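Notes follow the structure.
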Amino acid sequence: MSASAQSEVLIVGAGFGGIAAAIELQSHGFRDIRILEKAPQAGGTWFHNSYPGAACDVPSHLYSYSFAQRRDWTRLCSPQSEILAYAQGVARDHGVDRMITHDTTVTACTWDPDALRWTVETDTGATYGARALVLATGQLHQPATPYLADAESFTGHSFHSAEWDHDYDLAGKRVAVIGTGASAVQFVPELQKVAGRLSVFQRSGNWFLPRENRPYPAPVRAAIERVPGLQAARRRFLYEYGELLTLAIRHPNTVGRLVYLRSAAHMKRQLTDPEVRRKAWPDYTFGCKRVLFSSAYLPALQQPNVELVTDRVTGLAPTGVVTADGRIHEADCIIYGTGFRTNDFMFPMKVTGAGGRDLAEDWGSGAHAHLGISVPGYPSLFVMYGPNTNTSGGSIIIYLEAQARFIRKALQAVRERGAGAIDVREDVEQASDRALQTRFAGTAWTLCDSWYRTEEGRIVANWPGYMREYEAATAEVDPDEFLFVGHAGSPPLPADPLDVGGPV
Ligand code: NAP
Numbered sequence: 021m022s023a024s025a026q027s028e029v030l031i032v033g034a035g036f037g038g039i040a041a042a043i044e045l046q047s048h049g050f051r052d053i054r055i056l057e058k059a060p061q062a063g064g065t066w067f068h069n070s071y072p073g074a075a076c077d078v079p080s081h082l083y084s085y086s087f088a089q090r091r092d093w094t095r096l097c098s099p100q101s102e103i104l105a106y107a108q109g110v111a112r113d114h115g116v117d118r119m120i121t122h123d124t125t126v127t128a129c130t131w132d133p134d135a136l137r138w139t140v141e142t143d144t145g146a147t148y149g150a151r152a153l154v155l156a157t158g159q160l161h162q163p164a165t166p167y168l169a170d171a172e173s174f175t176g177h178s179f180h181s182a183e184w185d186h187d188y189d190l191a192g193k194r195v196a197v198i199g200t201g202a203s204a205v206q207f208v209p210e211l212q213k214v215a216g217r218l219s220v221f222q223r224s225g226n227w228f229l230p231r232e233n234r235p236y237p238a239p240v241r242a243a244i245e246r247v248p249g250l251q252a253a254r255r256r257f258l259y260e261y262g263e264l265l266t267l268a269i270r271h272p273n274t275v276g277r278l279v280y281l282r283s284a285a286h287m288k289r290q291l292t293d294p295e296v297r298r299k300a301w302p303d304y305t306f307g308c309k310r311v312l313f314s315s316a317y318l319p320a321l322q323q324p325n326v327e328l329v330t331d332r333v334t335g336l337a338p339t340g341v342v343t344a345d346g347r348i349h350e351a352d353c354i355i356y357g358t359g360f361r362t363n364d365f366m367f368p369m370k371v372t373g374a375g376g377r378d379l380a381e382d383w384g385s386g387a388h389a390h391l392g393i394s395v396p397g398y399p400s401l402f403v404m405y406g407p408n409t410n411t412s413g414g415s416i417i418i419y420l421e422a423q424a425r426f427i428r429k430a431l432q433a434v435r436e437r438g439a440g441a442i443d444v445r446e447d448v449e450q451a452s453d454r455a456l457q458t459r460f461a462g463t464a465w466t467l468c469d470s471w472y473r474t475e476e477g478r479i480v481a482n483w484p485g486y487m488r489e490y491e492a493a494t495a496e497v498d499p500d501e502f503l504f505v506g507h508a509g510s511p512p513l514p515a516d517p518l519d520v521g522g523p524v
């Protein structure tokens with residue numbers, strides 16, 4: 021298939037990752053960049069997740085690009101609208117908005133070993149070609165709605181938290197919320213204020229740490245804006261705070277125990293109703309699932325119009341949600357706060373590498389990539405927020421910037437060598453994956469099931485260490501770890517580039 025529009029680098033996804041990659045590449049002399057984005061606007065998860073109360077629980081001084089620091093955030097953890105405006109503003113300021121083709125979902129990417137190019141097919145029918153492909157689709161973009169028995173019999177309204185129906189008036193309604201993860205704990209307090217009755221269906225409790233998040237008083241805002249170095253110091257402090265959380269997760273019996281005590285004290289203070297306390301209390305080790313930051317959720321659960329239901333949801337009935345005890349919890353609307361198909365990464369997109377290898381097959385037992393970025397046999401394909409690059413402590417933007425730098429350096433290495441593409445050595449990827457997986461031993465992440473793991477228990481979402489370790493690991497591209505395949509203008513490659521060459 022011949023692609024209609026060619027570029028040097030094609031980026032899929034205009035969220036924080038895709039924007040970071042485009043800016044990094046552009047500022048280092050890569051001019052021919054195109055971004056394909058399924059949504060009508062840039063911003064990724066911050067465009068899609070507009071539920072009431074949506075905000076980032078990572079403070080904005082850290083959850084922002086190092087090269088685009090703002091001193092006028094209105095509060096510690098910004099609401100969705102501010103973060104979306106920030107992401108779109110940064111894209112605009114750097115001219116990235118002009119690179120984006122919107123409303124275009126990528127369906128297939130195929131490596132052409134003769135042309136040394138990727139061909140990218142989309143749902144609009146348009147095809148694109150590029151020398152390098154950056155898949156910046158992230159881990160949290162495909163809503164997961166569980167199949168519930170007799171779901172079709174329910175006569176009320178329903179939607180997923182990532183597809184919030186703002187036209188549906190929830191005031192005075194009987195609302196059922198299924199799922200109690202990071203999203204639900206943000207929208208439940210808002211729903212509680214407007215719903216007539218709210219039934220919250222919890223499968224697992226959460227560990228909480230406090231988050232008041234009041235708007236900054238004027239003197240604090242003024243100080244952040246005017247005192248030299250204060251912004252940088254706050255960012256540094258928040259970075260170290262994130263690393264402390266990782267330390268706690270890595271050492272559940274020592275540091276983890278201390279942070280657990282802090283969490284338990286906060287929860288005990290907030291959970292004054294003994295029945296709700298019993299139900300909401302988690303039954304797994306602190307840090308195994310994402311620790312949630314909220315001072316509003318647990319009090320909301322104890323309001324008179326709210327019921328926390330811990331009986332297992334077995335299905336739906338025409339009038340509501342059925343639980344294992346046979347009860348029907350009547351509802352006008354069901355909201356699924358059931359998260360995302362995180363382990364799917366970029367799928368169902370079909371990704372075909374050298375020699376016809378299929379990424380879905382290669383990742384059949386769980387996704388893996390060198391530094392979460394490079395997959396052997398997929399030349400000049402780079403994944404952002406790929407396997408094992410999620411963080412439980414700190415800011416994903418630190419990781420995304422590190423990945424953007426790494427990708428830029430890899431492509432510079434290709435240019436410098438006059439090569440056609442760069443492909444990580446299979447033995448290097450396997451060794452780095454083995455080393456990475458062994459680092460999970462003894463950590464809290466291994467002590468329960470979560471969205472970080474596959475059904476077989478392999479942890480595919482999270483980086484096992486600290487932000488600073490990931491930054492160090494990705495700081496340089498070691499040419500010995502890669503094959504430089506083909507040469508610009510050279511004869512076609514053999515079908516499988518792993519069979520040829522070595523570092524050039
Ligand atoms: P989530 O954390 O995966 O939570 C999903 C919830 O739904 C969990 O309580 C889960 O229970 C429950 N669930 C899933 N399937 C279910 C089923 N079949 N029956 C009953 N319950 C079911 O999803 P999320 O809240 O949308 O958050 C996803 C991620 O987005 C977060 O972990 C975080 O990384 C990110 N996020 C970040 C922020 C932020 O402020 N930074 C805010 C929102 C989201 P189990 O725990 O038992 O599986």
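Count the sequence shown with this note's numbering and you get residues 21 to 524, in order.
Don't be surprised by glycine CBs; every beta carbon is placed ideally from N, CA and C.
This structure is a prediction, so every number in the text was calculated from the model and none was measured.
Spatial neighbours of Arg217 in its chain, beta-carbon cut-off 6 Å, leaving aside the 5 residues before and after: Arg194, Asn325
Spatially closest choice to Ala433 from Phe221, Gln457, Phe504, by CA coordinates: Phe504
Cα-Cα separation, Ser47 to Leu431: 13 Å
Closest residue to His533 among Ile355, Leu456, Gln162, Asp331 (Cα-Cα distance): For residue 533 there is no data in the structure shown, the boundaries of the chain being 21 and 524.
Buried versus exposed call for Gly115 [16 or more other C-beta atoms within 10 Å across all chains shown]: exposed
Pair within 9 Å by beta-carbon distance, Ala204 and Val214: no
Own chain, CB closer than 7 Å to Gly340, minus 5 neighbours either side, in chain order: Ala196, Ile348, His349, Glu350, Ala351
C-alpha distance - Ala107 paired with Tyr83, whole-angstrom precision: 11 Å
Residues of its chain near Arg91, where Cβ-Cβ distance is below 7 Å and the 5 sequence neighbours each way are ignored: Ile244, Glu245, Gln251
Boundaries of the alpha helix (DSSP H) in which Tyr148 is found, first to last residue: Per DSSP, Tyr148 belongs to no alpha helix (DSSP H); it is in the beta strand (DSSP E), 147–155.
Sufficient close CB pairs (3 or more, under 8 Å) joining the segment 412–427 to the segment 443–453: no
Beta carbon proximity, Ser27 to chain D, threshold 9 Å: In summary, chain D is missing from the structure at hand, where a single protein chain is found.
DSSP three-state assignment for Asn363, whether helix, strand or coil: helix
Environment of Tyr2 [buried if 16+ CB atoms lie within 10 Å]: This structure gives no information on residue 2, because the portion of the chain shown stretches from 21 to 524.
Cutoff 7 Å; reference Glu421; Cβ partners in own chain excluding five residues on either side: Ala40, Tyr85, Ser86
Inter-residue CB distance, Val32 and Val154 (contact presumed, cutoff 8 Å): 7 Å
Glu327: first and last residue of the uninterrupted alpha helix (DSSP H) it sits in: That residue, Glu327, is in no alpha helix (DSSP H); its beta strand (DSSP E) goes 326–329.
Residues of its chain near Val78, where Cβ-Cβ distance is below 6 Å and the 5 sequence neighbours each way are ignored: Ser415
Residue range of the unbroken alpha helix (DSSP H) whose run includes Val279: 275–290
Segment contact flag, the segment 219–237 with the segment 321–336, C-beta cutoff 8 Å, min 3 pairs: yes
Range covered by the beta strand (DSSP E) that runs through Arg194: 194–198
Unbroken beta strand (DSSP E) run spanning Val29, endpoints: 25–32
Proximal residues to Tyr236 (C-beta, below 7 Å), its chain only, five neighbours per side dropped: Thr94, Arg95
His507 - DSSP class collapsed to helix/strand/coil: strand
Pair within 9 Å by beta-carbon distance, Tyr356 and Pro163: yes
Cys308 CB to nearest heavy atom of the ligand NAP below 8 Å: no
Beta-carbon spacing of Glu141, Val126 below 9 Å: yes
Gly397 versus Ala439: straight-line alpha-carbon distance, rounded: 16 Å
Cβ-based neighbour list, Trp301, same chain, cut-off 6 Å, excluding 5 preceding and 5 following: Gly225
Distance cut-off 8 Å: Arg223 Cβ against heavy atoms of the ligand NAP: yes
Beta-carbon proximity of Val311 to Phe228, cut-off 9 Å: yes
Residues near Ala424 by beta carbon distance below 6 Å, same chain, minus five either side: Ala40, Ala41, Glu44
Burial state of Val497, where buried means 16 or more other Cβ atoms lie within 10 Å: buried
When Ser178, Ala451, Ala156 are compared against Val29, the one with the closest alpha-carbon: Ala156
Within 9 Å, strictly: CB atoms of Phe360 and Leu379: no
Distance cut-off 8 Å: Val78 Cβ against heavy atoms of the ligand NAP: yes
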